[in-house]
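Single-structure report; data block below.
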Amino acid sequence: MVLFFESTSVDPPALIYMGRDKIENEELLTYGLEKDVWFHVDKLSSAHVYLRLNDAIPSWEQIPESLLQDCAQLVKANSIEGNRKNNLTIIYTPWSNVKKTGDMAIGAVSFHNDRKVKRTFVKERDNTIVNRLNKTRKERQVDHEAERQERLREEGRRKKNQAIEEKRAALAQARAREAEKEARDYTKLFSQEAMEESRRDKERKKKLREALGQEDANSGTESDDSFM
Numbered sequence: 001m002v003l004f005f006e007s008t009s010v011d012p013p014a015l016i017y018m019g020r021d022k023i024e025n026e027e028l029l030t031y032g033l034e035k036d037v038w039f040h041v042d043k044l045s046s047a048h049v050y051l052r053l054n055d056a057i058p059s060w061e062q063i064p065e066s067l068l069q070d071c072a073q074l075v076k077a078n079s080i081e082g083n084r085k086n087n088l089t090i091i092y093t094p095w096s097n098v099k100k101t102g103d104m105a106i107g108a109v110s111f112h113n114d115r116k117v118k119r120t121f122v123k124e125r126d127n128t129i130v131n132r133l134n135k136t137r138k139e140r141q142v143d144h145e146a147e148r149q150e151r152l153r154e155e156g157r158r159k160k161n162q163a164i165e166e167k168r169a170a171l172a173q174a175r176a177r178e179a180e181k182e183a184r185d186y187t188k189l190f191s192q193e194a195m196e197e198s199r200r201d202k203e204r205k206k207k208l209r210e211a212l213g214q215e216d217a218n219s220g221t222e223s224d225d226s227f228m
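Numbering-wise (full-length UniProt numbering), the sequence shown opens with residue 1 and increments by one.
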């Protein structure tokens with residue numbers, strides 16, 4: 001069984017979940033998501049608590065302090081030894097950084113990169129936080145493989161839709177560039193035609209002036225037999 005909690009310390013609320021026992025914890029290690037963040041009491045046994053990042057939280061390194069404390073308090077409250085102690089260190093890291101090999105005991109893990117493990121300090125148990133989270137607790141039997149397959153299908157649909165939108169945007173951009181190019185060509189063509197028409201008009205006017213001038217000249221030198 002998987003236990004789900006909702007943290008209302010952030011908006012929109014964040015999903016926190018954990019296994020009911022160490023066997024469930026092993027399954028969660030296998031079926032986590034890239035956007036999950038793993039929490040555990042440092043150097044003590046405790047529940048494996050996961051925070052699923054939503055779109056309002058850019059990365060695991062930018063978890064709001066209030067949400068970080070919710071996760072840390074939930075880890076402490078679900079550690080038999082840690083729940084009785086003060087001044088605890090809670091470690092957390094992306095799910096993808098948690099390393100599990102076949103020779104490790106149930107519940108034991110290591111990390112691919114120790115530099116991607118962060119720590120937060122819990123002075124003492126805060127019942128206000130723990131009680132608020134427990135009021136949202138829901139327990140559900142999870143078919144991890146079925147949910148993984150559904151996530152893969154959903155991711156496939158998301159990527160397909162994204163590709164379609166990107167193709168549409170690229171096509172629209174190409175059409176806009178082509179329209180702009182045609183507009184420039186038309187303007188250039190129109191300008192050339194206008195210049196050519198202006199040149200032809202000047203030629204016509206010039207020829208007309210020349211013709212009129214020649215006619216005037218011929219009229220001035222014409223003889224008149226009536227005086228002879």
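Using N, Cα and C, we set each Cβ at its ideal position, and we do this for glycine too.
Could you check if residue i is buried or exposed, using at least 16 other CB atoms within 10 Å of its CB as the buried criterion?
i    : result
Q69  : buried
N54  : exposed
F121 : exposed
S7   : buried
S59  : exposed
I23  : exposed
L212 : exposed
L208 : exposed
N131 : exposed
D11  : exposed
N134 : exposed
Between which two residues does the beta strand (DSSP E) containing residue i stretch?
i    : result
R119 : 118-122
K43  : Neither: K43 is in no beta strand (DSSP E) and is coded neither H nor E.
T30  : First-last for T30: 22-31, but that is the alpha helix (DSSP H), not the beta strand (DSSP E).
A14  : 14-19
E6   : 2-7
How long is the line joining the alpha carbons of residue i and residue j, rounded to whole angstroms?
i           : j    : result
G32         : A179 : 49 Å
V117        : A176 : 48 Å
W95         : D36  : 5 Å
A172        : K160 : 18 Å
A163        : E154 : 14 Å
T128        : R168 : 51 Å
R200        : E165 : 52 Å
E193        : A183 : 15 Å
E145        : A174 : 43 Å
T93         : A170 : 38 Å
P64         : K181 : 49 Å
T136        : V49  : 15 Å
R115        : N97  : 10 Å
H40         : L152 : 27 Å
M195        : R158 : 55 Å
K206        : Q214 : 12 Å
P13         : G156 : 26 Å
M104        : R20  : 20 Å
E34         : D126 : 29 Å
D224        : E210 : Only weak support exists for where D224 lies, its pLDDT of 49 falling under 50; the value from the coordinates is given anyway. About 25 Å.
Q62         : W38  : 14 Å
residue 266 : E197 : The displayed coordinates of the chain run from 1 to 228. Any statement about residue 266 would go beyond what the structure contains.
K85         : G102 : 31 Å
Check the C-beta distance from residue i over to residue j and give it rounded, since I have them as a contact under 8 Å.
i    : j    : result
K123 : N87  : 6 Å
L67  : F5   : Not quite, the Cβ-Cβ distance comes to about 11 Å (not below 8 Å), so this is no contact.
M18  : A47  : 5 Å
L29  : V109 : 7 Å
E26  : I106 : 6 Å
H112 : K99  : 5 Å
L44  : S9   : The Cβ separation is near 24 Å, so there is no contact.
Given a cut-off of 8 Å on the beta-carbon distance, is the pair residue i and residue j in contact?
i    : j    : result
A77  : I90  : no
L15  : R52  : yes
R119 : D42  : yes
M1   : E139 : yes
For residue i, report the span of its alpha helix (DSSP H) as first-last.
i    : result
V109 : Note, V109: premise wrong, no alpha helix (DSSP H); not H, not E.
V142 : V142 -> no alpha helix (DSSP H), and no H or E assigned at all.
I129 : 127-134
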